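Asks: UniProt numbering applies: residue 1 is where the sequence shown begins, and numbers increase by one. Glycine included, each C-beta is placed from N, C-alpha and C at the ideal position. Note that this is a predicted model, so its numbers are computed, not measured.
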Amino acid sequence: MRRTTPDDNRFLAVGISHATAPLDLLEQLYESPKPLDDLAQRIADADGLSASLILSTCNRLEVYAEAAPDTDPVPVLDALIADHTGVDARELAPYQYVRHDDDALRHLFQVASGLDSVVLGEDQILGQVKEALERAQRVGATSKTLNQAVQAALRTGKRARNETGLNEAGRSLATAGLAFFERLVGSLDGKTALVIGAGSFGGVVLAALRRSGLSRVHMANRTPEKAQRLAETADGRGYPLQDIPRLLTEVDVVVSCTAATEPLLRARQVADAMAPRGGRDLYLLDLSLPRNIEPEAGQVPGATLVDLQRIAEEGGDDELSVASVESAHRIVDTEVEALKAARRAARATPALSALRATAAEATEAELARLGKRLEAMDGETLQEVSRTVRRIVDKVLHQPTVRARELAGRSDGDVYVDALHVLFAPHPAPAPAQEVMA
Numbered sequence: 001m002r003r004t005t006p007d008d009n010r011f012l013a014v015g016i017s018h019a020t021a022p023l024d025l026l027e028q029l030y031e032s033p034k035p036l037d038d039l040a041q042r043i044a045d046a047d048g049l050s051a052s053l054i055l056s057t058c059n060r061l062e063v064y065a066e067a068a069p070d071t072d073p074v075p076v077l078d079a080l081i082a083d084h085t086g087v088d089a090r091e092l093a094p095y096q097y098v099r100h101d102d103d104a105l106r107h108l109f110q111v112a113s114g115l116d117s118v119v120l121g122e123d124q125i126l127g128q129v130k131e132a133l134e135r136a137q138r139v140g141a142t143s144k145t146l147n148q149a150v151q152a153a154l155r156t157g158k159r160a161r162n163e164t165g166l167n168e169a170g171r172s173l174a175t176a177g178l179a180f181f182e183r184l185v186g187s188l189d190g191k192t193a194l195v196i197g198a199g200s201f202g203g204v205v206l207a208a209l210r211r212s213g214l215s216r217v218h219m220a221n222r223t224p225e226k227a228q229r230l231a232e233t234a235d236g237r238g239y240p241l242q243d244i245p246r247l248l249t250e251v252d253v254v255v256s257c258t259a260a261t262e263p264l265l266r267a268r269q270v271a272d273a274m275a276p277r278g279g280r281d282l283y284l285l286d287l288s289l290p291r292n293i294e295p296e297a298g299q300v301p302g303a304t305l306v307d308l309q310r311i312a313e314e315g316g317d318d319e320l321s322v323a324s325v326e327s328a329h330r331i332v333d334t335e336v337e338a339l340k341a342a343r344r345a346a347r348a349t350p351a352l353s354a355l356r357a358t359a360a361e362a363t364e365a366e367l368a369r370l371g372k373r374l375e376a377m378d379g380e381t382l383q384e385v386s387r388t389v390r391r392i393v394d395k396v397l398h399q400p401t402v403r404a405r406e407l408a409g410r411s412d413g414d415v416y417v418d419a420l421h422v423l424f425a426p427h428p429a430p431a432p433a434q435e436v437m438a
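(1) Have a look at Gly-165, Ala-160, Arg-210, Gly-203 and flag the residue whose alpha-carbon is nearest the alpha-carbon of Ala-179.
(2) At what residues does the alpha helix (DSSP H) containing Asn-221 begin and finish?
(3) Which word fits Thr-381, buried or exposed, when buried means at least 16 other C-beta atoms lie within 10 angstroms of its C-beta?
(4) Among Leu-282, Gly-197, Leu-287, which has the Cα closest to the Cα of Gly-298?
(5) Counting pairs of Cβ atoms below 8 angstroms between the segment 303 to 314 and the segment 40 to 56, do you hit three or more?
(6) May I have the straight-line CA-CA distance separating Gly-199 from Ala-273, to the nearest angstrom?
(7) Of the choices Arg-183, Thr-233, Gly-213, whose alpha-carbon is the least far from that of Gly-203?
(8) Please state if the CB of Val-255 and the CB of residue 441 are separated by a distance shorter than 8 angstroms.
(9) Can you tell me which of the three DSSP states Pro-428 falls into?
(10) If you check the beta carbons only, do Glu-335 and Phe-109 fall under 8 angstroms apart?
(11) Count the C-beta pairs between the segment 64 to 80 and the segment 17 to 32 that are closer than 8 angstroms, then say yes if the count reaches three, no if not.
(12) Keeping to the same chain, check which residues put their C-beta closer than 7 angstroms to that of Lys-191; ignore five residues upstream and five downstream.
(13) So which of Asp-78, Ala-68, Arg-106 has the shortest CA-CA distance to Leu-339?
(14) Are three or more beta carbon pairs between the segment 115 to 132 and the segment 150 to 161 nearer than 8 angstroms?
(15) Let me make sure I understand the geometry here. Which of Ala-303, Asp-333, Val-417, Pro-400 has the alpha-carbon closest to that of Ala-104?
(16) In whole angstroms, what separates the C-alpha of Ser-117 from that of Asp-47?
(17) Once you ignore the five residues that flank Asp-88 on each side, which residues in its own chain have a CB closer than 7 angstroms to its CB?
(18) Mapping the DSSP letters down to three states, classify His-18 as helix, strand or coil.
(19) First and last residue of the beta strand (DSSP E) that includes Ile-311?
(20) Do Cys-257 and Leu-287 count as a contact pair if the criterion is CB distance below 8 angstroms?
(21) Distance check for Val-98 and Leu-194, CA to CA, integer angstroms please.
(22) Throw me the rounded Cβ distance for the Leu-146 and Glu-66 pair, which I believe falls under 8 angstroms.
(23) In terms of residues, what are the limits of the beta strand (DSSP E) holding Ala-65?
(24) For Gly-371, name the three-state secondary structure that DSSP assigns.
(25) Keeping to the same chain, check which residues put their C-beta closer than 6 angstroms to that of Glu-294; ignore five residues upstream and five downstream.
(26) In chain order, what are the residue ranges of uninterrupted alpha helix (DSSP H) at least 4 long that sit wholly in the UniProt domain "Glutamyl-tRNA reductase N-terminal" (14 to 164)?
(27) Please confirm if Ala-13 has its CB atom under 8 angstroms from at least one CB of chain B.
(28) Taking only three categories from DSSP, how would you classify Ala-193?
(29) Where Lys-144 and Ala-346 are concerned, what is the direct C-alpha to C-alpha distance, given to the nearest angstrom?
(30) Quick one, are the C-beta atoms of Ala-260 and Ser-113 less than 8 angstroms apart?
(31) Could you have a look at Arg-211 and say whether DSSP puts it in helix, strand or coil?
(32) Comparing C-alpha positions only, which one of Glu-27, Glu-337, Asn-9, Gln-399 sits nearest to Thr-156?
(33) Apart from the five residues on each side of it in sequence, which residues of its chain come closer than 7 angstroms, Cβ to Cβ, to Asn-292?
(34) Can you name, in chain order, every residue of its own chain whose Cβ lies under 7 angstroms from the Cβ of Ala-44, other than the five neighbours on each side?
(35) Rounded to whole angstroms, what's the CA-CA distance from Glu-182 to Asp-101? Just pull it up for me.
(36) Which class does Met-437 belong to by DSSP, given the choice of helix, strand or coil?
Below is the structure:
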């Protein structure tokens, strides 16, 4: 039990992710031509919501929001998401999850820690959560408590990786896809690769390929100069996109990671490239959403296609020990409880501030009265008396203040906050308590 105040809001997470929805549906959500800032602004302006944040990646679309205790914002969020993506809310409903309060907070921390990713422990989600917060701040959709929650989630994500081995596993999507190929062929040492896309993700893929032991990595991009700059670091060359069909006859591995909304590599092109290869297998890794490589390319004899759906189904978490994952979950639980305790302790601040203000007011009144009675006392002596009295009051209040904050941070901390009101009545008595989740 605790008393509700105007600042009491419910925290919720509404989303769809790789864990609940097929890749085809996630593609539709990710392909929306409307700017994400527009959806963020519309959600921020919705009735009943005091703060919100949209996390949109190739594997999830989630809205984290703070809502008034007596409102249900889920239907409004459903309608806004459906309008933004062009996917009917009834089609989304079977794949949607809604989490409230502690469950929503824990989910946010798990997401930031890479514990809810296609590949457990992947690093890119940290940057995506940070970008989501920056977007919310840009449209004025955040609050003090939402900012605190996201910042705490980001810190938790870094801690979970650094302290449990999740970070050392280096399991980006590129690493997971290449590991899948290594299970098929034994080793990638000495083989050559082509990366389609020279953006920031392309750089991540390039680094993963170099760690895998490939002898040379080429890059193809709409801007071949940019591709050349990156490829030079891996003893490769940069090419324009129109050179892809020729390169298919030469390389062993193709990794596509662009933001293109239509396939850049067709099954027909893959089939045409197989004859000149002289029987050498071709391994295709599509890390893009929407897909950059036609799914039918994986049916071409001699070609193996791995996409995000296959990574999710078969890529697994072989490299992650059960102990590391369990340790990461314990860190998440610890950090969630720490944030909740800090929030409970903060509830004591208004009462403690008012108590100190009352004590200060009484002190100043008594010092003024004393000054009138001791008119013969010189000014310096009177000032020293005043300082001494104030120090005594501060010392008397210090330990109770510290202890009150500690007690307020406990799961039953609201009992102690209420006690401050009962014992010292620094404010008018609050309204009758209503039971809400702590």
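Replies: To lay it out plainly:
(1) Arg-210
(2) From DSSP, Asn-221 is part of no alpha helix (DSSP H) but of the beta strand (DSSP E) over 216 to 221.
(3) exposed
(4) Gly-298 has its Cα closest to that of Leu-282, out of Leu-282, Gly-197, Leu-287.
(5) no
(6) 26 angstroms
(7) Thr-233
(8) What the structure shows of the chain is the stretch from 1 to 438, and residue 441 is not part of that stretch, so it cannot be assessed.
(9) Any reading at Pro-428 must be qualified, since the residue scores a pLDDT of 44, below 50, and its modelled position is unreliable; the value itself is stated next. Coil, per DSSP.
(10) yes
(11) no
(12) The residues Leu-214, Ser-215, Asp-252, Val-253, in chain order, have a CB closer than 7 angstroms to that of Lys-191 in the same chain once the five nearest residues on each side in sequence are set aside.
(13) Arg-106
(14) Because the criterion of three Cβ pairs below 8 angstroms is met, the segment 115 to 132 and the segment 150 to 161 touch.
(15) Comparing C-alpha distances from Ala-104 to each of Ala-303, Asp-333, Val-417, Pro-400 shows the shortest one belongs to Asp-333.
(16) 31 angstroms
(17) Ala-82
(18) coil
(19) Careful: Ile-311 lies outside any beta strand (DSSP E) and carries neither H nor E.
(20) yes
(21) If you draw a straight line from the Cα of Leu-194 to the Cα of Val-98, it comes to about 41 angstroms.
(22) At roughly 6 angstroms, the Cβ-Cβ gap stays under 8 angstroms, so Leu-146 and Glu-66 are in contact.
(23) 60 to 67
(24) helix
(25) Pro-263, Arg-266, Ala-267
(26) 23 to 30, 36 to 44, 74 to 85, 89 to 92, 101 to 112, 124 to 138, 144 to 164
(27) Of the protein chains in this structure there is only one, and it is not chain B.
(28) Three-state result, Ala-193: strand.
(29) 12 angstroms
(30) no
(31) helix
(32) Glu-337
(33) Ile-196, Ser-256, Thr-258, Ala-260, Pro-263, Leu-264, Leu-265, Asp-286
(34) Ser-52, Val-139, Gly-140, Ala-141
(35) 42 angstroms
(36) Reliability of the predicted coordinates at Met-437 is poor, the pLDDT of 40 falling under 50, and no value is obtained from them.
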